[in-house]
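Enquirer: UniProt numbering applies: residue 1 is where the sequence shown begins, and numbers increase by one.
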Amino acid sequence: MHKYRLVAKKGEGTFSEVLKAQCIKNGKYVAIKCMKNHFDSLDQVNNLREIQALRRLSPHANIIKLLEVLYDQPTGRLALVFELMDMNIYELIRGRRHYVAEERIKSYMYQLIKSMDHMHRNGIFHRDIKPENILIMDDCLKLADFGSCRGIYSKQPYTEYISTRWYRAPECLLTDGYYNYKMDMWGVGCVFFEIVSLFPLFPGTNELDQIQKIHNVVGTPPPELLNKMKRRSQHMDFNFPPKDGSGIEKLIPHVGAECVDLITKLLTYNPDDRLSARQALRHSYFRELRDAEKRQQALTSPDLSATNGQLTLPPATSDSAASTSSNTRKAAALNKETAKPSGDTMLPSIGPAKAPEGEKEAEDSTLPAVNANLEKSQQPQGEEEEEGLPPIGLGAAAKPGMMAKGKPMGGNYQHYMNKPKAQPVGPRAPGLAPAAKPRAAPMPIAAKPAKPGQGPAVGSSTSTTTKRSNVQRRK
Numbered sequence: 001m002h003k004y005r006l007v008a009k010k011g012e013g014t015f016s017e018v019l020k021a022q023c024i025k026n027g028k029y030v031a032i033k034c035m036k037n038h039f040d041s042l043d044q045v046n047n048l049r050e051i052q053a054l055r056r057l058s059p060h061a062n063i064i065k066l067l068e069v070l071y072d073q074p075t076g077r078l079a080l081v082f083e084l085m086d087m088n089i090y091e092l093i094r095g096r097r098h099y100v101a102e103e104r105i106k107s108y109m110y111q112l113i114k115s116m117d118h119m120h121r122n123g124i125f126h127r128d129i130k131p132e133n134i135l136i137m138d139d140c141l142k143l144a145d146f147g148s149c150r151g152i153y154s155k156q157p158y159t160e161y162i163s164t165r166w167y168r169a170p171e172c173l174l175t176d177g178y179y180n181y182k183m184d185m186w187g188v189g190c191v192f193f194e195i196v197s198l199f200p201l202f203p204g205t206n207e208l209d210q211i212q213k214i215h216n217v218v219g220t221p222p223p224e225l226l227n228k229m230k231r232r233s234q235h236m237d238f239n240f241p242p243k244d245g246s247g248i249e250k251l252i253p254h255v256g257a258e259c260v261d262l263i264t265k266l267l268t269y270n271p272d273d274r275l276s277a278r279q280a281l282r283h284s285y286f287r288e289l290r291d292a293e294k295r296q297q298a299l300t301s302p303d304l305s306a307t308n309g310q311l312t313l314p315p316a317t318s319d320s321a322a323s324t325s326s327n328t329r330k331a332a333a334l335n336k337e338t339a340k341p342s343g344d345t346m347l348p349s350i351g352p353a354k355a356p357e358g359e360k361e362a363e364d365s366t367l368p369a370v371n372a373n374l375e376k377s378q379q380p381q382g383e384e385e386e387e388g389l390p391p392i393g394l395g396a397a398a399k400p401g402m403m404a405k406g407k408p409m410g411g412n413y414q415h416y417m418n419k420p421k422a423q424p425v426g427p428r429a430p431g432l433a434p435a436a437k438p439r440a441a442p443m444p445i446a447a448k449p450a451k452p453g454q455g456p457a458v459g460s461s462t463s464t465t466t467k468r469s470n471v472q473r474r475k
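Here it is, written out as C-alpha cells:
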C-alpha cells in the first residue's frame, strides 16, 4: 500500500507488531498495529472488541485515537492506524535516577483517572492497566491497547488470567473470574505508586508470590471477605494467616500525605470499598487541578446567563440597537449549539454506536481503507451525581459494508501482506453487546478465550518490545 511509508518497527507482541510509518500525503507520522491473526470477513473485523471500544470512547483527550482501519480481504490481514505518541510510562521511569516532579505526576494521574471515568461510564473496563499501555506526549497522557476490554454489564465469570500479573487485583488472583471494573482502579494504584517510587510495587514471580507480596504491603483481608472469595474459587483452596501489612507510606516517604492516602484507597483489598474513578477525581489530591479546570472552562465558555427566562448579555459595543439584537440572537444560537448538560445530570443510556462514514481513498492507495471517523461516535451526554454506573451497553457492531474489499498491499507492506493466509483462529470474535434501554437484566457478552499475552502499546518510542530489566513480565 502506497499511502504509508514504513519507517521502523516499534515493537512486537504475541498478537501484533507495531510499526512506525509516515503518511505520504501529509507527512505525518503514525503508529500501525498489524494484527498477526487472520480475519475471514468484514463482520469478524467489525466485531473486534478493540475496534468497537475505540469507536465508542472516541474522541476523548485521554484515549488513544484510532485514525484508520486497514483490512486486506484476500490475505485476511488487518492493521489499525493510530496517532503516534512519544513514549509510555515505563519508558519515562526506566533507568531514571531522580524522582519525577510531583506536579507532573499529579497531572498524569489526573488524566489517567479521567480516561478511566470516561471508559467506565460508557460501560467498558480495560482489564490491562499497566505502564506500557499508558502513552504520553509532552504533557498529554492517553490510554491505549483495548484488546482485553470487556463490558461492565457482561455476565461473569470472566477470563481468569487477564491483566499483567504485577498489576492484577486480588479478586482476579483468588476467584474464578469474578471481578468487575474496579480491577482497573487497582491497576491505576499500582501505576501511581510506580511513577512516584520508580519501582514496581508487587513484582510477583507467580500467582502465589504475587498474593504474598500484596499481603506484605496491604495486609490480609478480613475473614468475611476471604470466605466470600473462597466461595467463588474452585481451582484453589487458600488460608492466609492474619497479617498486618507494612503500608504504603513507608515505601514512599518523600511524598505528601494526600498522595499516600489516594494510593492507599486505590489499593484497597475489597473491590466494593475501593475508590471508583469518579471518587478518585474528587480526592483532595487533585483539588488544584480541578480548580484550574473550572477557571479554564469559565474563560472558554460563552459569557451567557439566564435571568427570568431571558438571555442576558454584556453591554453591546455597537451603538445600533439592531446590531445589539443581532448579537443577542447569534449568542443564543451559539449557546444552543455548544451547551452541554451539567456534570450533575444523569447519564442516559447510549444506543448503538454510529457506523463511521468513510472518506474517499487517496489516489496513491491500492487498498480501499476505512476511516474510523471516531469523532462522530456517540459520547456520554452528562454525568450522574450518584456513584453508581448507569446500565450502558457497549454498542453494536458497525454496519456491514463499511469496509470495502481490499487488494494486496504494495510498497513497504508487500512483505507483510504476502504472507500465506493461515486458518481462522477460533470462531468469529465476539462483539460488544449492543446497547439497549435500561432494564433489569444486563445484556450478556460471550466470554472470550484467554490470551497468553498482549501486543505492544501503540505509540511506544522504543524499537524493540519493552521488557523489565530485572524481572521478565508474564502476560
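Even for Gly, the Cβ is constructed at its ideal location relative to N, Cα and C.
Less than 8 Å between the beta carbons of leucine 66 and leucine 54, yes or no?
Expert: For leucine 66 and leucine 54, yes; Cβs fall inside 8 Å.
Enquirer: Using CA atoms only, rank isn't needed, just tell me which of Glu12, Phe146, Phe192 is closest to isoleucine 93.
Expert: The candidate whose alpha carbon is nearest that of isoleucine 93 is Phe192.
Enquirer: Specify the secondary structure class of arginine 127 as computed by DSSP and reduced to three states.
Expert: Coil.
Enquirer: Return helix, strand or coil for glycine 95, following the three-state DSSP convention.
Expert: If DSSP states are grouped into helix, strand and coil, glycine 95 belongs with coil.
Enquirer: DSSP three-state call for alanine 446: helix, strand or coil?
Expert: Annotation note: pLDDT 44 at alanine 446 (below 50); position unreliable, coordinate value reported separately. Reduced to three states, the DSSP call for alanine 446 is coil.
Enquirer: Tell me which residue opens and which closes the beta strand (DSSP E) that phenylalanine 146 is part of.
Expert: No beta strand (DSSP E) contains phenylalanine 146, which DSSP labels as neither H nor E.
Enquirer: If you compare alpha carbons, which of Pro74, Ile64, Asn122, Asn26 is closest to phenylalanine 39?
Expert: Of the listed residues, the one whose Cα sits closest to phenylalanine 39 is Pro74.
Enquirer: Are the CB atoms of leucine 281 and isoleucine 113 nearer to each other than 8 Å?
Expert: A contact, by the Cβ cut-off of 8 Å.
Enquirer: Would you check if the distance between the CB atom of tyrosine 285 and the CB atom of lysine 106 is smaller than 8 Å?
Expert: Contact: yes.
Enquirer: Which complete alpha helix (DSSP H) runs does the region 248 to 311 hold, if anything under 4 residues is left out?
Expert: Here the runs fully enclosed are 257 to 266, 277 to 281, 287 to 300.
Enquirer: Looking only at C-alpha atoms, which of His2, Asp209, Pro170, Trp166 sits nearest to proline 200?
Expert: The candidate whose alpha carbon is nearest that of proline 200 is Trp166.
Enquirer: In this structure, how does DSSP classify glutamine 212 when only helix, strand and coil are distinguished?
Expert: Three-state result, glutamine 212: helix.
Enquirer: Can you give me the Cβ contacts of aspartate 138 inside the same chain, cut-off strictly under 8 Å, excluding the 5 residues immediately before and after it?
Expert: Only Asp86 meet the Cβ criterion.
Enquirer: Measure from the C-beta of glutamine 111 to each C-beta in chain D and report whether the shortest distance is under 8 Å.
Expert: The structure shown contains no chain D, having only a single protein chain.
Enquirer: So which of Arg150, Pro157, Gln44 has the shortest CA-CA distance to aspartate 176?
Expert: Among Arg150, Pro157, Gln44, the Cα nearest to that of aspartate 176 belongs to Pro157.
Enquirer: Short check: CB of leucine 135 to CB of isoleucine 63, under 8 Å?
Expert: For leucine 135 and isoleucine 63, no; Cβs fall outside 8 Å.
Enquirer: Could you say which of Leu78, Glu207, Thr264, Glu171 lies nearest to glycine 189 if we only look at CA atoms?
Expert: That would be Thr264, whose Cα lies nearest to the Cα of glycine 189.
Enquirer: Have a look at Ile24, Cys34, Tyr29 and flag the residue whose alpha-carbon is nearest the alpha-carbon of glycine 11.
Expert: For glycine 11, the nearest C-alpha among the options comes from Cys34.
Enquirer: Would you identify the three-state DSSP class for alanine 21, choosing helix, strand or coil?
Expert: Strand at alanine 21.
Enquirer: What do you get for threonine 164, buried or exposed, if any count of 16 or more other CB atoms within 10 angstroms of its CB means buried?
Expert: Classification of threonine 164: buried, given that the 10 Å Cβ count is 16 or more.
Enquirer: If you follow the alpha helix (DSSP H) that leucine 225 is part of, which residue opens it and which one closes it?
Expert: It spans 223 to 231 - the alpha helix (DSSP H) in which leucine 225 sits, taken as one unbroken run.
Enquirer: Out of Phe240, Ala298, Gln279, state which residue places its alpha-carbon closest to the alpha-carbon of histidine 118.
Expert: Nearest option by C-alpha distance: Gln279.
Enquirer: Taking Cβ to Cβ, would you say glutamate 132 is nearer than 8 Å to proline 271?
Expert: Taking 8 Å as the Cβ cut-off, glutamate 132 and proline 271 do not qualify as a contacting pair.
Enquirer: What is the DSSP secondary structure of arginine 77, counted as helix, strand or coil?
Expert: Three-state result, arginine 77: strand.
Enquirer: Can you tell me which of the three DSSP states tyrosine 158 falls into?
Expert: Coil.
Enquirer: Tell me which residue opens and which closes the alpha helix (DSSP H) that valine 188 is part of.
Expert: Run containing valine 188: 182 to 197, per the alpha helix (DSSP H) assignment.
Enquirer: Start and end of the beta strand (DSSP E) containing isoleucine 134?
Expert: It spans 134 to 137 - the beta strand (DSSP E) in which isoleucine 134 sits, taken as one unbroken run.
Enquirer: Indicate the three-state DSSP secondary structure (helix, strand or coil) for aspartate 244 in the structure shown.
Expert: If DSSP states are grouped into helix, strand and coil, aspartate 244 belongs with coil.
Enquirer: Given this structure, state the Cα-to-Cα distance separating glutamate 102 from valine 45, to the nearest angstrom.
Expert: One C-alpha to the other measures close to 42 Å.
Enquirer: From asparagine 37 to glutamate 50, what distance separates their C-alpha atoms?
Expert: When rounded, the distance between both Cα atoms is 14 Å.
Enquirer: On the premise that glycine 245 lies in contact with glycine 204, defined as a C-beta separation below 8 Å, what is that separation, rounded to the nearest angstrom?
Expert: In fact, because the Cβ distance is near 15 Å, the residues do not count as touching under 8 Å.
Enquirer: Bridge partners of asparagine 26, per DSSP?
Expert: Partner(s): none; asparagine 26 has no beta bridge.
Enquirer: With DSSP collapsed to three states, give me the class of leucine 85.
Expert: Looking at the sequence itself, residue 85 is methionine, so the reference to leucine does not match. Note: methionine 85 maps to coil in three-state DSSP.
Enquirer: Measuring CA to CA, which of Cys140, Glu249, Leu80, Gly76 is closest to isoleucine 89?
Expert: Minimum Cα distance to isoleucine 89 is reached at Cys140.
Enquirer: Taking the beta carbon of valine 17 as the centre, do at least 16 other beta carbons fall within 10 Å, making it buried, or is it exposed?
Expert: In the sequence as displayed, the identity of residue 17 is glutamate instead of valine. Looking at its Cβ environment, which holds 16 or more other Cβ atoms inside 10 Å, glutamate 17 is buried.
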